[in-house]
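Trainee:
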Amino acid sequence: MKQQKVQILTRVGVEVEAFAPTVLSVSRATDIPAFYSKWFFNRLEEGYCKWRNPFSGMEYYVSFENVRFIVFWSKNPAPLIPYLDRLMKRGINCYVQYTLNDYEIEGLEPGVPAIGKRVRTFRQLEETLGEHGVMWRFDPMILTENIDIPKLLRKVSFLAEKLHDYTDTLVFSFADIAGYRKVGRNLTAHGIRYEEWTEAKMREFASRLSQLNKECGWNLKLCTCAEKVDLSEFGIEHNRCVDNERMARIAHQNGVLMTELGLQIHEPSLSLFKDFETHPSGSILLLGGKYAIRIANRKDSGQRQLCGCINSKDIGQYDTCPHGCLYCYANTSPESASRKYSRHNPDAETII
Numbered sequence: 257m258k259q260q261k262v263q264i265l266t267r268v269g270v271e272v273e274a275f276a277p278t279v280l281s282v283s284r285a286t287d288i289p290a291f292y293s294k295w296f297f298n299r300l301e302e303g304y305c306k307w308r309n310p311f312s313g314m315e316y317y318v319s320f321e322n323v324r325f326i327v328f329w330s331k332n333p334a335p336l337i338p339y340l341d342r343l344m345k346r347g348i349n350c351y352v353q354y355t356l357n358d359y360e361i362e363g364l365e366p367g368v369p370a371i372g373k374r375v376r377t378f379r380q381l382e383e384t385l386g387e388h389g390v391m392w393r394f395d396p397m398i399l400t401e402n403i404d405i406p407k408l409l410r411k412v413s414f415l416a417e418k419l420h421d422y423t424d425t426l427v428f429s430f431a432d433i434a435g436y437r438k439v440g441r442n443l444t445a446h447g448i449r450y451e452e453w454t455e456a457k458m459r460e461f462a463s464r465l466s467q468l469n470k471e472c473g474w475n476l477k478l479c480t481c482a483e484k485v486d487l488s489e490f491g492i493e494h495n496r497c498v499d500n501e502r503m504a505r506i507a508h509q510n511g512v513l514m515t516e517l518g519l520q521i522h523e524p525s526l527s528l529f530k531d532f533e534t535h536p537s538g539s540i541l542l543l544g545g546k547y548a549i550r551i552a553n554r555k556d557s558g559q560r561q562l563c564g565c566i567n568s569k570d571i572g573q574y575d576t577c578p579h580g581c582l583y584c585y586a587n588t589s590p591e592s593a594s595r596k597y598s599r600h601n602p603d604a605e606t607i608i
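For the sequence shown, my numbering assigns the number 608 to the last residue and increments by one with no breaks.
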């Protein structure tokens, strides 16, 4: 689907063309909630930002005029929470993809807060955003000389016991280190001896995770992110992280958004022969007996082939996240990202 564009006036009074998305991704490329919340809400107030294409290096404008929904991505969304009421006042809904891993002992994520604090933030975020407002990501699942499948499952279990009452979904992916050479270099440089996943190991992990989910009563929807392997026999689905179904459950009353998502909302109808409401197979069930049906495919063609996300506009910039995660694909190196972060100005049009 082609991105809509509009004409806007910049802060210096120059008229320019800008992307005008309905759904904003904030962001796959860097942790805007953790480090750039003030910048983002300054930009929202001014109505636009500048974004640099990571492949061409060219800068473009992005207007927030038509934004109706935001998907936030973060490992530490605590700084975002005080700003969320500003979205509500603007009639903008959101949910958060919260990556909460347990690699504290191994030092794979040196810049994130302590795990207890991250769990408390998760719960506070759910209390603020409500049902469907927070998706838990344990991402990536990584194997090293010190982390085998049983230990990884213990780590997931430790967090699932603390989080399952505050979310309905667990999204995960298997670390593909061979596909990102800079990730392998960074891990090796920090003395981390890693192991690639085989399909047999993926299936072993999936089987045991699914069993734990049932036996422990977590009852989480288990999903993979951009994975080729089919784990449906274990009840594990391919995920849409930017998900029109979740958006419909949160904001089905927004007609403009539903049209843009390729969804049509229907009121409940009563069967002529039975005293219960019916709905078509494959529809999205909503509150009050309403349901949504898909009338158009809105898959984002700009993402990886195996990505199931629907169309959105991401405004992040690579090489700007100072969490320092040793497996990060979005940074050339932790040092490079820290240098760029030091140049951040929350009043600028761009992140850097």
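Glycine residues also receive a C-beta, built at the ideal position from the N, C-alpha and C atoms.
Bear in mind the structure is a predicted one, so any value in this text is a computation, not a measurement.
Tell me, which residues are paired with Thr400 by DSSP?
Mentor: Here residue 400 is taken as the residue at index 144 of the sequence shown, counted from 1. Paired residues: Ile403 and Tyr450.
Trainee: Can you name the start and end residues of the alpha helix (DSSP H) that Ser293 belongs to?
Mentor: Position 37 of the sequence shown, counted from the start, is the residue given in the question as residue 293. Residues Ser293 to Glu302.
Trainee: For the beta strand (DSSP E) that Ile549 lies in, which residues bound it at each end?
Mentor: Looking up residue 549 in the sequence shown gives position 293. Per DSSP, Ile549 belongs to the beta strand (DSSP E) from Tyr547 to Arg550.
Trainee: With distances taken from CA atoms, which of Val272, Pro524 and Tyr354 is nearest Leu543?
Mentor: Looking up residue 543 in the sequence shown gives position 287. With distances taken between Cα atoms, Leu543 lies closest to Pro524.
Trainee: I'd like to confirm the pairing. Which residues does DSSP put opposite Leu340 in its beta bridges?
Mentor: Numbered from its first residue, the sequence shown carries residue 340 at position 84. The partner list for Leu340 (beta bridge, DSSP) is empty, contrary to what the question assumes.
Trainee: Identify whether Val375 lies in helix, strand or coil by the three-state DSSP scheme.
Mentor: Within the sequence shown, residue 375 is the residue found at index 119, counting from 1. Of the three classes helix, strand and coil, the one that applies to Val375 here is helix, per DSSP.
Trainee: On the premise that Phe291 lies in contact with Tyr597, defined as a C-beta separation below 8 Å, what is that separation, rounded to the nearest angstrom?
Mentor: As a first step, residue 597 must be located in the sequence shown, where it is residue number 341. As a first step, residue 291 must be located in the sequence shown, where it is residue number 35. Confirmed, about 7 Å.
Trainee: In angstroms, rounded to a whole number, what distance separates the CA positions of Asp575 and His494?
Mentor: The residue you call residue 575 lines up with position 319 of the sequence shown. The residue you call residue 494 lines up with position 238 of the sequence shown. Near 28 Å, if we compare the C-alpha coordinates of His494 and Asp575.
Trainee: Residues in its own chain within less than 8 Å of Asp287 by CB, not counting five upstream and five downstream?
Mentor: The count along the sequence shown starts at 1 and reaches residue 287 at position 31. Same-chain partners within the cutoff: Trp329, Ser330, Lys331, Asn332, Cys577 and His579.
Trainee: Between Ile379 and Tyr422, how many whole angstroms is the CB-CB distance? I'm expecting something under 8 Å.
Mentor: The residue labelled residue 379 in the question sits at position 123 within the sequence shown. The residue labelled residue 422 in the question sits at position 166 within the sequence shown. Here residue 379 is Arg; the residue named in the question, Ile, does not match the sequence. About 5 Å; that satisfies the 8 Å criterion.
Trainee: How would you label Ser319, buried or exposed, when you count the other beta carbons within 10 angstroms and need 16 or more for buried?
Mentor: In the sequence shown, counting from the first residue as 1, residue 319 sits at position 63. Looking at its Cβ environment, which holds 16 or more other Cβ atoms inside 10 Å, Ser319 is buried.
Trainee: Please go through the same chain and pick out, in chain order, the residues whose beta-carbon is closer than 7 Å to the beta-carbon of Ile608, but skip the five residues on each side of it.
Mentor: Here residue 608 refers to the residue found at position 352 when the sequence shown is read from its first residue. Same-chain partners within the cutoff: Gln573, Thr576, Lys596, Arg599 and His600.
Trainee: Which of the three DSSP states, helix, strand or coil, is assigned to Asn442?
Mentor: Residue 442 sits at position 186 when you count from the first residue of the sequence shown. Residue state, collapsed to three classes: helix.
Trainee: Check whether the stretch 464 to 473 touches the stretch 408 to 421, counting contact only when three or more Cβ pairs, one atom from each stretch, lie closer than 8 Å.
Mentor: Verdict: yes, contact present.
Trainee: Which residues in the same chain as Pro335 place their Cβ atom closer than 7 Å to its Cβ, once the five residues preceding and following it in sequence are excluded?
Mentor: Against the sequence shown, residue 335 aligns to sequence position 79. Answer for Pro335: Pro289, Ala290 and Ser293, listed in chain order.
Trainee: Taking 8 Å as the threshold, find out whether the stretch 444 to 453 comes into contact with the stretch 382 to 399 through three or more Cβ pairs.
Mentor: These segments touch.
Trainee: Do the stretch 425 to 438 and the stretch 582 to 593 meet, that is, are 3 or more Cβ pairs less than 8 Å apart?
Mentor: At 8 Å Cβ cutoff, the stretches touch.
Trainee: Rounded to the nearest angstrom, what separates Gln509 and Ala462 at their Cα positions?
Mentor: For the purposes of this step, residue 509 is taken as residue 253 along the sequence shown, with counting starting at 1. For the purposes of this step, residue 462 is taken as residue 206 along the sequence shown, with counting starting at 1. Spanning the two alpha carbons is a distance of roughly 36 Å.
Trainee: What did DSSP end up calling Leu519 once you bin it into helix, strand or coil?
Mentor: Position 263 of the sequence shown, counted from the start, is the residue given in the question as residue 519. DSSP places Leu519 in strand when its eight states are reduced to three.
Trainee: Out of Glu483, Val427 and Val268, which has the shortest C-alpha to C-alpha gap to Ile477?
Mentor: The sequence position of residue 477 within the sequence shown is 221, counting from 1. The identity of residue 477 in the sequence shown is Lys, whereas the question assumes Ile. When each option's Cα is compared against that of Lys477, the closest is Val427.
Trainee: Does the stretch 512 to 522 come into contact with the stretch 545 to 561, if we say contact requires no fewer than three beta-carbon pairs (one atom in each stretch) closer than 8 Å?
Mentor: The stretch 512 to 522 vs the stretch 545 to 561: in contact.
Trainee: I'd like the span of the alpha helix (DSSP H) that includes Gln467, first residue to last.
Mentor: Within the sequence shown, the letter at position 211 stands for residue 467. Unbroken alpha helix (DSSP H) run through Gln467: Glu455 to Glu471.
Trainee: Are the CB atoms of Ala276 and Asn322 within a distance shorter than 7 Å?
Mentor: Here residue 322 refers to the residue found at position 66 of the sequence shown. Here residue 276 refers to the residue found at position 20 of the sequence shown. Against a cut-off of 7 Å, the Cβ pair of Ala276 and Asn322 comes out as a contact.
Trainee: With 16 other CB atoms within 10 Å as the buried threshold, where does Asp603 fall?
Mentor: Counted from its first residue, the sequence shown places residue 603 at position 347. Flag for Asp603 reads exposed.
Trainee: How should Pro590 be labelled, buried or exposed, when 16 other C-beta atoms within 10 angstroms of its C-beta is the threshold for buried?
Mentor: Counted from its first residue, the sequence shown places residue 590 at position 334. Flag for Pro590 reads buried.
Trainee: Given that a residue counts as buried once 16 or more other Cβ atoms are within 10 Å of its Cβ, and exposed if not, what is Asn390?
Mentor: Position 134 of the sequence shown holds residue 390. Here residue 390 is Val; the residue named in the question, Asn, does not match the sequence. Val390 is buried by the Cβ-count criterion.
Trainee: State the beta-bridge partners of Ile566 as determined by DSSP.
Mentor: Numbered from 1 along the sequence shown, position 310 holds the residue referred to as residue 566. In the DSSP output, where bridge partners are listed per residue, Ile566 has Lys555.
Trainee: Find the nearest neighbour of Asp358 within the set Lys345, Val352, Gly372 and Ile348, judged by alpha-carbon distance.
Mentor: Locating residue 358 in the sequence shown gives position 102, counting from the first residue. For Asp358, the nearest C-alpha among the options comes from Gly372.
Trainee: Give the DSSP-derived three-state secondary structure of Leu478 in the structure shown.
Mentor: Taking the first residue of the sequence shown as 1, we reach residue 478 at position 222. Three-state DSSP puts Leu478 in a strand.
Trainee: Work out the CA separation of Leu356 and Phe394 for me, nearest whole Å.
Mentor: Your numbering for residue 394 matches position 138 in the sequence shown. Your numbering for residue 356 matches position 100 in the sequence shown. One C-alpha to the other measures close to 6 Å.
Trainee: Taking 7 Å as the threshold (C-beta atoms), are Cys581 and Glu365 in contact?
Mentor: Stepping through the sequence shown from its first residue, residue 365 is reached at position 109. Stepping through the sequence shown from its first residue, residue 581 is reached at position 325. Contact: yes.
Trainee: Which same chain residues, not among the five before or five after Met458, have their C-beta less than 6 Å away from its C-beta?
Mentor: The sequence position of residue 458 within the sequence shown is 202, counting from 1. These residues qualify, in order along the chain: Phe430 and Val485.
Trainee: Leaving out five residues before and five after Arg223 in sequence, what residues of the same chain have Cβ atoms less than 8 Å from its Cβ?
Mentor: Since the first residue of the chain shown is 257 and the last is 608, residue 223 is not available in this structure.
Trainee: Do Leu280 and Glu271 have their CB atoms nearer than 7 Å?
Mentor: Taking the first residue of the sequence shown as 1, we reach residue 280 at position 24. Taking the first residue of the sequence shown as 1, we reach residue 271 at position 15. It is not a contact, given that the beta carbons lie outside the stated cut-off.
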